[in-house]
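Student: Got a structure for you, questions after.
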DNA sequence: TTGTAAGCGTTATCAT
DNA sequence: ATGATAACGCTTACAA
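Chains as they are written, first to last, in the numbering used here: chain A, 3 to 340; chain B, 3 to 340.
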């Protein structure tokens, strides 16, 4: 049987309220006689008492939990984002529940449902996938705050990456290196993230006076395997591209393997640029040129907004986090590796 | 204000108990007149009622939560394990809380504490790190079951990988290929996992009549950066190794980059074998030969044991999950890539 | 087949 | 400075 506050009270010879006040003395200031406090503390220690967060949460209407919904746990980018969230959350006594939808609508829905049932104090929606649907009405009456990362939202505050600008930047870089046939490895989905990067790609092409060619855009399904297939398909074109921009690093890794397997070289035969700057990016050879978004910062900003909202403060509704192109070897312009 | 069971009861013109019975009809069989059920269901629908898991948990002494403690979220291996746990857990209505200790003792302790406070129904301890300490006494009285993955434990059931055997297998493979100077990229810590792999390495050496050389064992700190430094150090030895076995894939990736940067080639100049079979392993060029442990299976088995324990069934205390050496290109024996 | 009432463990409010 | 009491939202005997 679990030790309750009553057990402690009995052993210490005080009332449950006193025990409660001792336990929460860090949060709520309350005058307690030193002797009493000592006896309570001692009783807690000998009994090994730990308060029940469920009971506390029921009363306080707070679970102390923050839910994070990411599209794909196997993409190292998302753990980084969640690390940012976690650091800020833990600093304020919140714990996080990390959930991966695997870009599956049913899974997403059931997770949101569970999060709401658990009365999480906040939800962070990460990524631009359309498998997640959450309306203002759904969360209304739940005393739960919501913030989005990397997805547009009219109803909830958002922390955004300038994907269009970053896509443009990456493509312009390739164009500036003299490439005229630049391909884009996309991912078919309603993911706004990828679509935006593609828009930037297209804008750069058009601004550079290069015609957009549908043949040069292929699906890579977010994964290494998809990127590999995309790379093969692209390089088998009658007029293959001289540069490839992949919408994420995982696909870029796959594309790089495909290029090498065809006996071609990066960047000599094909230049390659990725997106995310995952940990392995700088340890590939050639090291991958990629768009780095400070993913940790992204998470931290989102969590700060959440905290502000929970405190009832009027939080900033829209925050942008910068991106930068990390020029390594795969684009042919840099020599930097690590 | 949130909708409670009383609101539904009032609207449907029944008592709260009846509403409760309708809501939980899937779990607990109870006779209810169809007409009544319909009215309740309708009221639930119009009001948008969702039960409060905190209240339910307080009463039932169940949170419906499973805590997972991993050493390092940025190693893609752990998300895979947790996926295995999750799949089984979700199938039985449990949700998981994913926590990364970052191999930090304070973080680990505070997470375990939080998990216990939240009255999680089960805890899965993943990885052999010594930053995690959890005794039978600590969980006693918490109605919380514990299971370990990849770590020895006398007190809790464990799902183990035969790290010694796998380490031996990988090393024997290299030895069989004619290598006599085989290095080991380790990770300094009390992690039993790495130590066991190293033991296997050593056993294979001795069984093969090759002397163990302390110089050939270097620290790689679990990461690509550490593996890179280790690779450089190893290849700068007056008598460099002709083969390197890294205790995990992240370090193997780093070592591969180091070797290439020194103008040497894998596997011609140095053969390389990793451990984990992370997603990128097969997309490196040369593709990484590595020990594959069915990490998903590992998680699934652990969760099944947890469920058995929670059901009060006598679960199997020790389960072993197989490993196999995936021979790709980096060891020089295979041609297989993807 | 349905309703009443007690209680899960905690904290806020009001007394003392 | 401390204690008694009510309440948070739910489930489950027990009663009807």
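The C-beta atom is built at its ideal place from N, Cα and C for all residues, glycine as well. From a predicted model like this one, the values you see are computed outputs, not experimental measurements.
1. Decide if residue 186 of chain B is buried, meaning its Cβ has at least 16 other Cβ atoms within 10 Å, or exposed.
2. For residue 255 of chain B, which of A:289, A:273 and A:267 has the nearest alpha-carbon?
3. For residue 320 of chain B, which option in B:306, B:168, B:328 and B:329 has the closest C-alpha, if you only look at C-alpha atoms?
4. Out of curiosity, what's the CA-to-CA distance linking residue 30 of chain A and residue 257 of chain A?
5. Counting only Cβ pairs nearer than 8 Å, list the residues of chain B close to residue 33 of chain A.
6. For the putative contact between residue 34 of chain A and residue 28 of chain A, defined by C-beta atoms under 8 Å, what is the C-beta separation to the nearest angstrom?
7. Any C-beta of chain B within less than 7 Å: which residues of the segment 55–75 of chain A qualify?
8. With DSSP as the reference, identify every bridge partner of residue 160 of chain A, one or two as the case may be.
9. Quick check: residue 148 of chain B and residue 127 of chain B, are their CB atoms within less than 8 Å of each other?
10. Determine the chain B residues that contact residue 143 of chain A at a beta-carbon separation under 8 Å, and present them in chain order.
11. Measuring only the C-alpha atoms, how far is residue 192 of chain A from residue 106 of chain B?
12. Does the contact criterion of 3 or more C-beta pairs under 8 Å hold for the segment 283–303 of chain B versus the segment 136–145 of chain B?
13. Determine whether the beta carbon atoms of residue 1 of chain A and residue 208 of chain A lie at a separation below 8 Å.
14. Identify every run of the beta strand (DSSP E) within the segment 76–139 of chain A, keeping only runs that are complete inside it and at least 3 residues long; order them along the chain.
15. What are the boundary residues of the alpha helix (DSSP H) that includes residue 39 of chain B?
16. For residue 287 of chain A, return the contacting residues in chain B, with the cut-off set at a CB-CB distance below 7 Å.
17. With distances taken Cα to Cα, identify the nearest neighbour of residue 177 of chain A among A:299, A:334 and A:267.
18. Distance check for residue 40 of chain A and residue 296 of chain B, CA to CA, integer angstroms please.
19. List, in order along the chain, the chain A residues whose C-beta lies closer than 9 Å to that of residue 85 of chain B?
20. Which chain A residues sit within Cβ distance under 8 Å of residue 138 of chain B?
21. For chain B, is any of its Cβ atoms less than 8 Å away from the one on residue 120 of chain A?
22. Where does the unbroken alpha helix (DSSP H) through residue 59 of chain B begin, and where does it stop?
23. I believe residue 252 of chain A touches residue 229 of chain A by the beta-carbon criterion, under 8 Å. Please report the beta-carbon distance rounded to the nearest angstrom.
24. Report yes if the CB atom of residue 130 of chain A is closer than 8 Å to the CB atom of residue 153 of chain A, and no otherwise.
25. Give the straight-line distance between the Cα atoms of residue 146 of chain B and residue 55 of chain A, rounded to the nearest whole angstrom.
26. Apart from the five residues just before and just after residue 137 of chain B, which ones in its own chain have a Cβ nearer than 8 Å to its Cβ?
27. Kindly say whether residue 306 of chain B, judged by its beta-carbon, lies nearer than 8 Å to any beta-carbon of chain A.
28. Please determine, among B:281, B:275 and B:293, the residue with the shortest C-alpha to C-alpha distance to residue 77 of chain A.
29. On the DSSP bridge list, what partners appear for residue 7 of chain B?
30. In chain A, which residues lie less than 9 Å from residue 336 of chain B when you measure between Cβ atoms?
31. Nearest to residue 181 of chain A by alpha carbon, out of A:167, A:265, A:242 and A:238?
32. DSSP beta-bridge partners for residue 296 of chain B?
33. Beta-carbon of residue 226 of chain A versus every beta-carbon of chain B: anything under 8 Å?
34. In the DSSP assignment, the beta strand (DSSP E) including residue 188 of chain B goes from what residue to what residue?
35. Checking contacts by CB at 8 Å: is residue 216 of chain B closer than that to chain A?
36. Could you check whether the segment 100–117 of chain A touches the segment 60–80 of chain A, counting it as contact only if at least three pairs of C-beta atoms, one from each stretch, sit closer than 8 Å?
Tutor: According to the structure data:
1. Here residue 186 of chain B corresponds to residue number 184 of the second chain, with the count starting at 1. Around the C-beta of residue 186 of chain B, 16 or more other C-beta atoms lie within 10 Å, and the residue is accordingly described as buried.
2. Here residue 255 of chain B refers to the residue found at position 253 when the second chain is read from its first residue. Nearest option by C-alpha distance: A:289.
3. For the purposes of this step, residue 320 of chain B is taken as residue 318 along the second chain, with counting starting at 1. When each option's Cα is compared against that of residue 320 of chain B, the closest is B:306.
4. If you number the first chain from 1, residue 30 of chain A lands on position 28. If you number the first chain from 1, residue 257 of chain A lands on position 255. C-alpha separation (whole angstroms): 57 Å.
5. Counting from 1 along the first chain, the entry for residue 33 of chain A is found at position 31. Annotation: residue 33 of chain A has no Cβ neighbours in chain B at a cutoff of 8 Å; minimum Cβ distance is about 26 Å.
6. Taking the first chain and counting its residues from 1, one reaches residue 34 of chain A at position 32. Taking the first chain and counting its residues from 1, one reaches residue 28 of chain A at position 26. With 8 Å as the limit, residue 34 of chain A and residue 28 of chain A do not qualify as a contact, their Cβ atoms being about 12 Å apart.
7. Contact residues of the segment 55–75 of chain A toward chain B are 55, 56, 57, 59, 60, 65 and 75 (C-beta to C-beta distance below 7 Å).
8. Stepping through the first chain from its first residue, residue 160 of chain A is reached at position 158. Note: residue 160 of chain A sits in a beta bridge opposite A:150 and A:320.
9. The residue labelled residue 148 of chain B in the question sits at position 146 within the second chain. The residue labelled residue 127 of chain B in the question sits at position 125 within the second chain. The Cβ-Cβ distance between residue 148 of chain B and residue 127 of chain B falls below 8 Å.
10. Locating residue 143 of chain A in the first chain gives position 141, where the first residue counts as 1. Around residue 143 of chain A, the beta-carbon contacts reaching into chain B at under 8 Å are 3, 4, 5 and 50.
11. Numbered from its first residue, the first chain carries residue 192 of chain A at position 190. Numbered from its first residue, the second chain carries residue 106 of chain B at position 104. Spanning the two alpha carbons is a distance of roughly 39 Å.
12. These segments do not touch.
13. Outside the shown range of chain A, which is 3 to 340, sits residue 1 of chain A, and nothing can be said about it.
14. Here the runs fully enclosed are 97–102 and 124–128.
15. Mapped onto the second chain, residue 39 of chain B falls at position 37. First-last of the alpha helix (DSSP H) with residue 39 of chain B: 36–49.
16. On the first chain, position 285 is the one that residue 287 of chain A refers to. By Cβ distance, chain B contributes 259 and 262.
17. Position 175 of the first chain, counted from the start, is the residue given in the question as residue 177 of chain A. In terms of CA proximity to residue 177 of chain A, A:334 leads the group A:299, A:334 and A:267.
18. To locate residue 296 of chain B, count along the second chain from 1; it is residue 294. To locate residue 40 of chain A, count along the first chain from 1; it is residue 38. Approximately 51 Å between the Cα atoms of the pair.
19. By 1-based counting over the second chain, the position of residue 85 of chain B is 83. Near residue 85 of chain B (Cβ distances below 9 Å), the residues of chain A are 75, 76, 102 and 104.
20. Taking the first residue of the second chain as 1, we reach residue 138 of chain B at position 136. Simply none; closest approach about 12 Å.
21. To locate residue 120 of chain A, count along the first chain from 1; it is residue 118. It does; some Cβ of chain B falls within 8 Å.
22. The sequence position of residue 59 of chain B within the second chain is 57, counting from 1. For residue 59 of chain B, the enclosing alpha helix (DSSP H) stretches over residues 55–62.
23. Mapped onto the first chain, residue 252 of chain A falls at position 250. Mapped onto the first chain, residue 229 of chain A falls at position 227. Indeed they touch by this definition, with Cβ atoms about 6 Å apart.
24. The residue labelled residue 130 of chain A in the question sits at position 128 within the first chain. The residue labelled residue 153 of chain A in the question sits at position 151 within the first chain. Their beta carbons are under 8 Å apart, which means residue 130 of chain A touches residue 153 of chain A by this criterion.
25. Within the second chain, residue 146 of chain B is the residue found at index 144, counting from 1. Within the first chain, residue 55 of chain A is the residue found at index 53, counting from 1. About 14 Å.
26. On the second chain, residue 137 of chain B is found 135 positions in, with the first residue counted as 1. Once the five neighbours on either side are set aside, the close Cβ partners of residue 137 of chain B are 157.
27. Translated into the one-based positions of the second chain, residue 306 of chain B becomes position 304. With 8 Å as the cut-off, residue 306 of chain B does not count as an interface residue toward chain A.
28. For the purposes of this step, residue 77 of chain A is taken as residue 75 along the first chain, with counting starting at 1. From the listed residues B:281, B:275 and B:293, the smallest Cα separation to residue 77 of chain A is found for B:281.
29. Taking the first residue of the second chain as position 1, residue 7 of chain B is located at position 5. For residue 7 of chain B, DSSP records no beta bridge to any residue.
30. Sequence index remark: in the second chain, residue 336 of chain B carries index 334 (1-based). Within chain A, no residue comes near residue 336 of chain B; the closest Cβ sits about 15 Å away, beyond 9 Å.
31. Taking the first residue of the first chain as 1, we reach residue 181 of chain A at position 179. Looking at the Cα atoms, A:242 is the closest of the given residues.
32. As a first step, residue 296 of chain B is located in the second chain; it is residue number 294 there, counting from the start. Paired residues: none, contrary to the question.
33. As a first step, residue 226 of chain A must be located in the first chain, where it is residue number 224. Judged by the 8 Å Cβ criterion, residue 226 of chain A is in contact with chain B.
34. Against the second chain, residue 188 of chain B aligns to sequence position 186. Per DSSP, residue 188 of chain B belongs to the beta strand (DSSP E) from 184–188.
35. Mapped onto the second chain, residue 216 of chain B falls at position 214. Judged by the 8 Å Cβ criterion, residue 216 of chain B is not in contact with chain A.
36. The segment 100–117 of chain A makes contact with the segment 60–80 of chain A: 3 or more CB pairs, one atom from each, lie closer than 8 Å.
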